[in-house]
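Input: a single structure, listed below in structure tokens.
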Ligand SMILES: Cc1cc2nc3c(=O)[nH]c(=O)nc-3n(C[C@H](O)[C@H](O)[C@H](O)COP(=O)(O)O)c2cc1C
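In the numbering used here, the protein residues as written are 34 to 250.
What follows is the structure, encoded as structure tokens:
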């Protein structure tokens with residue numbers, strides 16, 4: 034974090050940062066604004082600025098949230114990777130409606146994204162899987178994510194089993210592990226400001242086109 038950014042954080046903490054959101058006319062796409070804010074979060078020295086909450090819903094309507102890491106984003110959507118047998122993946126398979134949330138406290142910024150998910154291609158998942166460190170690759174085989182641990186050393190035993198199994202050569206990409214792409218239908222940017230007069234810009238996609246409006250805080 035630069036000295037200027039530190040000073041800005043200190044001076045505005047709890048009060049919102051001084052700079053308002055750009056005028057609506059100055060913004061072309063939410064992707065552009067997302068990139069700008071994500072770059073700002075990176076530059077601010079925030080630890081894991083790519084952390085985001087993913088909310089899914091069970092078949093009987095029970096929502097649940099957990100943090101994951103955003104691995105890529107572009108005009109096609111926001112991608113994260115996980116176990117396809119996990120609770121979140123099971124829920125997203127039954128109900129493809131999803132919500133993402135970013136919060137960068139020191140910047141007094143929040144981004145809310147709502148949309149639907151689809152699996153990324155097997156090739157894309159495999160490419161990312163093979164880019165991970167070997168321990169994480171073996172760990173993906175060992176973890177039956179979201180399932181109950183049956184006995185104390187189960188995870189350790191499974192890790193040892195797969196370490197031995199894949200002791201040589203490339204760790205194969207498991208078909209039960211891969212990416213989800215969140216295709217946004219709405220994206221809201223929230224910028225904290227003084228006197229709780231926060232700025233909110235909401236983008237909504239209709240017939241493939243983004244419309245935008247501001248919201249009362
Ligand atoms: C900062 C942070 C980042 C995480 N990133 C991921 C991730 O990218 N993928 C993942 O499967 N779990 C990730 N986790 C773990 C999840 O929060 C969660 O515990 C796990 O995915 C199981 O969730 P589920 O049982 O609801 O499917 C992360 C946790 C934290 C705190």
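Virtual Cβ for every residue (Gly too), placed ideally from N, Cα, C.
Is the Cβ-Cβ distance between residue 116 and residue 180 less than 7 Å? On the chain shown, residue 116 is found 83 positions in, with the first residue counted as 1. On the chain shown, residue 180 is found 147 positions in, with the first residue counted as 1. No, Cβ-Cβ distance for residue 116 and residue 180 is not below 7 Å.
So, with DSSP's three-state summary, where would you put residue 229? The count along the chain shown starts at 1 and reaches residue 229 at position 196. Of the three classes helix, strand and coil, the one that applies to residue 229 here is helix, per DSSP.
Within 10 angstroms of its Cβ, does residue 49 collect 16 or more other Cβ (buried), or is it exposed? If you number the chain shown from 1, residue 49 lands on position 16. Here the model assigns residue 49 a pLDDT of 45, short of 50, so the residue's position is not dependable and the matter cannot be decided.
Check whether the stretch 188-203 and the stretch 219-226 are in contact - that is, three or more C-beta pairs closer than 8 Å. The stretch 188-203, when compared against the stretch 219-226, does not touch it at the 8 Å Cβ threshold.
Unbroken beta strand (DSSP E) runs of length 3 or more, entirely within the stretch 183-245: which are they? 210-224, 232-239
As a quick exercise: from 158, 125, 81, 164, pick the residue whose alpha carbon is nearest that of residue 149. Mapped onto the chain shown, residue 149 falls at position 116. When only C-alpha atoms are compared, the closest one is 125.
Let me know if residue 107 comes out buried or exposed under the rule of 16 or more other beta-carbons within 10 Å of its beta-carbon. The residue labelled residue 107 in the question sits at position 74 within the chain shown. Looking at its Cβ environment, which holds fewer than 16 other Cβ atoms inside 10 Å, residue 107 is exposed.
Cβ pair residue 94, residue 215 closer than 7 Å: Taking the chain shown and counting its residues from 1, one reaches residue 94 at position 61. Taking the chain shown and counting its residues from 1, one reaches residue 215 at position 182. Not a contact, by the Cβ cut-off of 7 Å.
Within 10 angstroms of its Cβ, does residue 230 collect 16 or more other Cβ (buried), or is it exposed? Translated into positions along the chain shown, residue 230 becomes position 197. By the neighbour-count rule (16 or more Cβ atoms within 10 Å), residue 230 is not buried but exposed.
Excluding sequence positions up to five away, which residues of its chain have a Cβ less than 7 Å from the Cβ of residue 119? For the purposes of this step, residue 119 is taken as the residue at position 86 of the chain shown. Excluding sequence neighbours, residue 119 sits near 178, 179.
Quick one: grab the DSSP three-state call for residue 249. For the purposes of this step, residue 249 is taken as the residue at position 216 of the chain shown. Residue 249 falls in the coil class under three-state DSSP.
Rounded to the nearest angstrom, what separates residue 242 and residue 236 at their Cα positions? By 1-based counting over the chain shown, the position of residue 242 is 209. By 1-based counting over the chain shown, the position of residue 236 is 203. Each residue's Cα considered, the two are about 10 Å apart.
Kindly provide the ranges of any alpha helix (DSSP H) runs that are 4 or more residues long and lie completely inside the stretch 115-142, ordered along the chain. 120-127
Local conformation of residue 11 per DSSP, three classes: Here the chain comprises residues numbered 34 to 250, so residue 11 is not present and cannot be evaluated.
Along the chain, where does the beta strand (DSSP E) that runs through residue 107 open and close? Your numbering for residue 107 matches position 74 in the chain shown. Residues 105-107.
Got a sec: does ligand 1 put a non-hydrogen atom nearer than 6 Å to the Cβ of residue 115? Taking the first residue of the chain shown as 1, we reach residue 115 at position 82. Result yes, Cβ under 6 Å from ligand 1.
Spatial neighbours of residue 192 within its chain, please: CB distance less than 6 Å, with the 5 preceding and 5 following residues excluded, ordered by chain position. Position 159 of the chain shown, counted from the first residue, corresponds to residue 192. So the list reads 175, once near-sequence residues are dropped.
Return the residue from the list 82, 77, 182, 153 that minimises the CA-CA distance to residue 112. Here residue 112 refers to the residue found at position 79 of the chain shown. Cα-wise, what sits closest to residue 112 is 153.
What do you reckon, is the C-beta of residue 193 under 6 Å from a heavy atom of ligand 1? Sequence index remark: in the chain shown, residue 193 carries index 160 (1-based). Checking the Cβ of residue 193 against ligand 1 gives no.
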